[in-house]
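Enquirer: Mapping to the numbering used here: the sequence shown position 214 is 204, numbers consecutive.
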Amino acid sequence: MWERNDKVLGVIGGMGPLATQLFYRQVIDRTVACRDQDHIDMILLNHATMPDRTAAILSGKTEELFALLLTDAKKLEALGAVAIAIPCNTSHYFVPRLQEQLSIPIIHMIREAAKEVASRGKAERVGILATDGTIQSGMYQKACREAGLTPVVPTREKQALVMKIIYDGVKNGGTIDYNDFIAVEGDLAAQGCQAAILACTELSCFKEMYHLPNYYVDAMEVLAVRSIEACGKRVK
């Protein structure tokens, strides 16, 4: 299917669909290209019927979800992908187990996002804005500590507002009350954060909608950059 020199990116998408289309555009926008052929080849599985990741993690019923993710990853591997991107932070709960059964790398969005914040050298205390599943898993807390950062999570009340933005706003296309985000922002400031990671791909969409400042590091945009690099292309 693919030329020998082509480096094909595999993408397990659909979690959610709006975030996946933004990831695709981020890859296009950040690739140095003057013609179609300068862009990367990509196999995108838009698996929108994937069970909810946060619900699976919080309930402890994760095996069905893991099996579906593994099936998708194996399909991408068989089709010739050289690396896999999963534009869903919460799904990275399963990445260590998935990686054990693959011969191609999964680009680890969470680790790469934490390293990106650390490389900028302007923040020590970093807020984590994510789903309850991602927060409870401790994935970002661990990655931040490994990168020399101090992770900070919202208070319980403000975390509920983060979930409201993600699920009632972006995922279901409902009305977003920007005052909810202002309240979350105030919580991060009160806890001394010098930066925050948008650690949910729906919040990546939120950043685009409201043109958030560089204080907010978009984990999905970091994933897009690393995906371009993994396929041997230059990044803008």
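A virtual CB, placed ideally from N, CA and C, is assigned to each residue, including glycine.
When the Cα atoms are used, what is the spatial distance from Val212 to Gly117?
Expert: As a first step, residue 212 is located in the sequence shown; it is residue number 222 there, counting from the start. As a first step, residue 117 is located in the sequence shown; it is residue number 127 there, counting from the start. About 16 Å.
Enquirer: Specify the secondary structure class of Asp31 as computed by DSSP and reduced to three states.
Expert: Position 41 of the sequence shown, counted from the start, is the residue given in the question as residue 31. In the structure shown, Asp31 sits in a strand (DSSP, three-state: E or B).
Enquirer: Is it true that the CB of Lys64 sits closer than 9 Å to the CB of Leu92?
Expert: The residue given as residue 92 occupies position 102 in the sequence shown. The residue given as residue 64 occupies position 74 in the sequence shown. For Leu92 and Lys64, yes; Cβs fall inside 9 Å.
Enquirer: Quick check: what's the CA-CA separation for Asp(-4) versus Met129?
Expert: Numbered from 1 along the sequence shown, position 6 holds the residue referred to as residue -4. Numbered from 1 along the sequence shown, position 139 holds the residue referred to as residue 129. Their Cα atoms are separated by approximately 33 Å.
Enquirer: My guess is that Leu178 and Val142 are in contact by the Cβ rule of under 8 Å, so how many angstroms apart are they, rounded?
Expert: As a working note, residue 178 is residue 188 in the sequence shown. As a working note, residue 142 is residue 152 in the sequence shown. Yes, they are in contact, since the Cβ atoms of Leu178 and Val142 sit about 7 Å apart, within 8 Å.
Enquirer: Please state if the CB of Ala73 and the CB of Ile101 are separated by a distance shorter than 9 Å.
Expert: Looking up residue 101 in the sequence shown gives position 111. Looking up residue 73 in the sequence shown gives position 83. Checking the sequence, you will find Arg at residue 101 rather than Ile. Cβ distance not < 9 Å, so Arg101 and Ala73 don't count as in contact.
Enquirer: By the DSSP assignment, the beta strand (DSSP E) with Ile74 in it spans what residues?
Expert: Taking the first residue of the sequence shown as position 1, residue 74 is located at position 84. Start and end: 71 to 75.
Enquirer: Relative to the C-alpha of Glu147, which candidate in Tyr157, Asp158, Arg43, Val174 has its C-alpha closest?
Expert: By 1-based counting over the sequence shown, the position of residue 147 is 157. Answer by Cα proximity: Val174.
Enquirer: Please list, in chain order, all residues of the same chain as Pro41 whose beta carbon is under 8 Å from its beta carbon, the five residues on each side excluded.
Expert: Residue mapping note: residue 41 aligns to position 51 of the sequence shown, counting from 1. The residues are Glu54, Leu55, Leu58.
Enquirer: Could you have a look at Val107 and say whether DSSP puts it in helix, strand or coil?
Expert: Working through the sequence shown from its first residue, we reach residue 107 at position 117. Helix, per DSSP.
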